[in-house]
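Working notes for the structure below.
Pasting the structure below:
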């Protein structure tokens with residue numbers, strides 16, 4: 070009876086990182102002031118490098134200079150020259166695992182003991198980092214909640 074009734078399931082989520090846009094952090098020229106005060110953060114800065122940032126990871130950009138690779142715009146500039154979605158956050162690599170044991174009680178009744186492991190490898194997957202170049206936390210992806218392993222154990226009566 071110990072070897073019969075086991076089931077194993079898994080779910081893999083392997084995704085590339087999400088694209089995001091570096092932002093100026095303010096709208097000094099008032100280019101978007103008529104739309105909304107909140108949209109002012111949609112103004113992009115100027116690029117201050119010839120590096121191809123689209124092929125670099127967040128860590129690579131930080132090692133290459135981070136915030137110094139961008140120049141905030143002034144009131145004389147309406148918008149910056151950085152393209153939309155030119156940066157990419159780190160990807161997501163997640164494995165969920167479930168193990169369950171069916172124990173037959175009668176012909177139409179059984180107990181099911183199960184354990185579900187979400188983020189089985191306890192891999193920390195970070196979200197989109199802070200994108201405002203004026204922020205002290207610029208490109209800080211480690212401040213985002215990447216989640217942690219969760220284990221749920223349950224007993225189910227099936228009739």
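Numbering (my numbering), first residue to last: 70 to 228. Just so it is clear, CB atoms sit at the ideal spot from N, CA and C, and this is done for glycine as well. Bear in mind that the values here come from a model prediction, so they are computed numbers and not experimental data.
- The three-state reading of DSSP puts residue 145 in coil, since its state is none of H, G, I, E or B.
- For residue 131, there is no enclosing beta strand (DSSP E); the residue is part of the alpha helix (DSSP H) that begins and ends at 127-133.
- Residues of the same chain with a CB within less than 7 Å of the CB of residue 81, apart from the 5 flanking positions on each side, are 164 in chain order.
- Residue 191 places its beta carbon 7 Å or farther from that of residue 88.
- Cβ atoms of residue 131 and residue 208 come within 8 Å of each other, at about 6 Å.
- Setting aside the 5 residues that flank it on each side, residue 203 is surrounded in the same chain by 93, 94, 95 and 141, each with a C-beta closer than 8 Å to its C-beta; the list follows chain order.
- Residue burial is scored here from C-beta neighbours: residue 77 has fewer than 16 other C-beta atoms within 10 angstroms and is therefore classed as exposed.
- For residue 169 and residue 194, the gap between their C-alpha atoms comes out near 27 Å.
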